[in-house]
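For reference, the structure is listed below as structure tokens.
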Amino acid sequence: MKPNLHVVACAIAMCAAAGIGWVGAVRAQAPAPQTKGKVAAPQEIGMETGLTYFQTRCMSCHRESDSSKAPSARRIRQMTPEQIYAVVAKPSRPEHDQGLTDPQKRRMAEFMGGYRQIGSVEAGNPKNFPNACGSNPPMADPYAGPYWSGWGADIQNTRSQRTEAAGITKADVPKLKLKWAFGFPLGISAYSPPAVASGRVFAGTDTGWVYSLDAKTGCYYWGYETGVTVRPAISIGPVNGPGNTKYAIFFGDAKANVYALDAQDGKLLWKRKVEDFFLGRITAAPKLYNGRLYVPVSSSEEWQSGNPDYECCTSRGSVVALNANNGEQIWKTYVMDDPKPTQKNPNGVQLYAPAGGSVWNSPTVDPVRRAVYFGTGDTQTEPAQPLGDAIVAVDMDSGKVLWHFQAIENDAFMGGCAGPNKSKACPEKMGPDADIGNSPILSTLADGKRVLIAGTKGGEVFALDPDNKGALLWRVQGNSGGGRGGIVWGGAADHENVYYGFGSGGMAALKMSTGQRAWFQPINAPNTRIGNNAAATLIPGVVFVGGADGKLHALSTTDGSILWQFDTARPFDTVNKVAGAHGGAISSVGPVIAGGMMYIGSGYGVGGGPFGNVLLAFGVE
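Sequential numbering of the sequence shown, starting at 2, is according to the working numbering.
Shown next as structure tokens:
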């Protein structure tokens, strides 16, 4: 019997839709000896499939334009995973329950409710941890000592740390040893890079918590409950806040909310939703500069938008400028024009275009040109739009587009378009899904010339002239394989080379002046294909890159020789005594290095990948 595509819709419709929300809260230091939150078994992972279940089983009754009493998808997204699951687990009528297993109901509830596992908020409450810090002394100026803020360590996104700030030299690297590990109960992806400042580590999680930890010991100062996955890196800086507030941390979540917390005690200063579209999200770090936050906005719509019961497609990538002191919006620039109705499909579902252009990366700031640069994803609908798969430059004061460079033309792509039962919105000619998902790197060569460098998922690397309206300087194939084995999370740069890891495996150093390859290190054994597309991190003489097998490597910037490696895909004893804590893939984040310590999360359960739930801290033995 063919599954009924509407089986779960009315089960959710029975939920009281009014006034359901989630309020973040600071939890006090109240240690307890219990240990909770063993990580889920591998077969339970893959909550992104929950979008598929919702679109195929629920969307016919929960469209934004539906005039019925069923709550819209947007209202459902305001609920928690626990609230959604409580409704679909025991539906009020039998016909609402045909065709979905209990694990499928859980995945749907977890995706729609905040992209975290059911029960993770309770498990991650700091009161469950026995390692509270003994006191919470006043923080020093974050910029007065070694620090790492945001995705790229600096506003140029070079992911490069000077020797003085790193506190680790090339000679020290072979002596790096694990100092402590911190577990995230019921986490499956440790993909939120921490900020480091004033002797503290600020870490986001996929469990609905943000923690402040001691940089040397891993004891916790406070935890803040968002209830939603926090994937982006965390930024830190001064703020004009209430009372004695001097410094704040800033981050976004999987429901497109931006937060500012008092870095001292974790109290909420402000919270701002920057995108109303129900699948809008923030997957990259807001960039903090001169009292403003430049926030990238993306969407999950592309994953399964080819379903014929879905009103495809209305998502648009954007960058939003906010006042860092109060969260007020200064401007918002969309990548795509406003979607307009195009046609109705045979099911009577209204379709729209254009859509797409998610901004998956943290923007780059150029004070010289008073510009903000960012990369964009593909267009979802046909025809492909000019700002898709592009580097875009906007005026930092107004958001006006100054120029753009489109790396890949005619890239219209969406998921869910395989097979005969697909939406009429699906592109007739599917594009390569090339995306510029990595942050552009702004660097200055030894001769003073400035370059802006980025890569594509196809493995191409190109350099633009930021002082000549983005004119192309050079373009090369960075890896030998091409295809989808290219650049996803980005590289690092000094004044001579740019360093990229590849999904096809290995790392290359390219001359920034010409694009010529200086060296290539395959990293992996012959005839093996292990992705190294995690972000690179650089200190003088050494570049670090992780792998899908969980191994973290340090390479010499001179010739690519391997100086050190550490296997993170194993169990760990954690300072907060989380049962079953272990590492997995390093498929997105790069190490954060500051003050003689190196931090990296291990685990990437997206798509059922090698999952893990630990933050690891290394120091010199």
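No residue lacks a Cβ here, since even glycine has one placed at the ideal position from N, Cα and C.
The structure displayed is predicted, hence computed values, not measured ones.
Does the distance between the C-beta of residue i and the nearest non-hydrogen atom of the ligand ATP fall short of 6 Å?
| i | result |
| --- | --- |
| LYS345 | As presented, the structure is devoid of all ligands, the ligand ATP included, so that no description of it is given. |
Assign residue i to one of two classes, buried (16 or more other C-beta atoms within 10 Å of its C-beta) or exposed (fewer than that).
| i | result |
| --- | --- |
| LYS91 | exposed |
| GLY449 | exposed |
| ALA249 | buried |
| ARG163 | exposed |
| GLU329 | exposed |
| GLN522 | buried |
| GLU383 | buried |
| PRO194 | buried |
| HIS496 | exposed |
| THR315 | buried |
| ALA154 | buried |
| ALA419 | exposed |
| LYS401 | exposed |
| ASN245 | exposed |
| SER161 | buried |
Run through the DSSP bridge pairs and tell me what residue i is partnered with.
| i | result |
| --- | --- |
| MET508 | GLY502 and GLN522 |
| THR445 | ARG451 |
| MET337 | None; MET337 has no bridge partner. |
| SER623 | Not covered by the structure: residue 623. The range shown for the chain is 2 to 622. |
| ALA1 | No statement about residue 1 is possible, as the shown extent of the chain runs from 2 to 622 and does not include it. |
| ARG317 | GLY357 |
| ARG476 | PHE463 |
| VAL197 | TRP149 and VAL202 |
| TYR600 | VAL593 and ALA618 |
| TYR248 | PRO239 |
| ASN258 | LYS274 |
| LEU179 | PHE619 |
| ILE563 | LEU556 |
| ALA322 | TYR295 and TRP332 |
Can you grab the Cα-Cα spacing for the pair residue i / residue j, in whole Å?
| i | j | result |
| --- | --- | --- |
| ALA87 | LYS106 | 10 Å |
| SER136 | TRP152 | 29 Å |
| ARG64 | ARG75 | 9 Å |
| GLU312 | LYS425 | 11 Å |
| SER557 | PRO342 | 54 Å |
| CYS59 | GLY597 | 51 Å |
| THR170 | ILE563 | 15 Å |
| VAL174 | TRP332 | 44 Å |
| GLY604 | ASP367 | 33 Å |
| LEU198 | VAL350 | The question names Leu, but residue 198 in the sequence shown is Ala. Their Cα atoms are separated by approximately 51 Å. |
| ALA133 | VAL621 | 25 Å |
| GLN35 | TYR222 | Low local confidence applies: a pLDDT of 36 at GLN35 is under 50, so the model's placement there is unreliable, and no value is given. |
| ASP468 | SER306 | 39 Å |
| ALA582 | GLN517 | 43 Å |
| LEU269 | ILE77 | 24 Å |
| VAL373 | LYS470 | 13 Å |
| TYR212 | ALA196 | 11 Å |
| GLY585 | VAL576 | 18 Å |
| PHE112 | VAL122 | 15 Å |
| THR559 | ALA618 | 26 Å |
| VAL499 | ALA537 | 10 Å |
| TYR148 | PHE203 | 11 Å |
| GLN381 | GLY115 | 23 Å |
| LEU473 | ASP338 | 25 Å |
Would residue i and residue j be called neighbours here (beta carbons separated by less than 7 Å)?
| i | j | result |
| --- | --- | --- |
| TYR501 | GLY486 | no |
| TRP361 | ALA285 | yes |
| GLY242 | PHE183 | no |
| ARG117 | THR227 | no |
| GLY606 | ILE189 | yes |
| ALA455 | ILE392 | yes |
| GLY224 | PRO186 | no |
| ALA549 | GLY561 | no |
| ALA413 | ALA385 | yes |
| GLY551 | THR529 | no |
| ASN327 | TRP271 | yes |
| TYR192 | SER589 | yes |
| GLY459 | ALA435 | yes |
| GLY416 | GLU302 | no |
| GLY378 | ASN439 | no |
| GLU276 | VAL259 | no |
| ILE437 | GLY506 | no |
| ALA555 | TRP565 | yes |
| ASP396 | LEU403 | yes |
| TRP520 | ALA535 | no |
Can you check whether the C-beta of residue i is within less than 7 Å of a C-beta belonging to chain B?
| i | result |
| --- | --- |
| LYS217 | Checking the listed chains, one finds no chain B in this structure; it contains a single protein chain. |
State whether the stretch 235-250 contacts the stretch 258-273, with contact taken as three or more CB pairs (one from each stretch) at a distance under 8 Å. yes
Give a yes or no on contact between the stretch 289-303 and the stretch 318-329, applying the rule of three or more CB pairs nearer than 8 Å. yes
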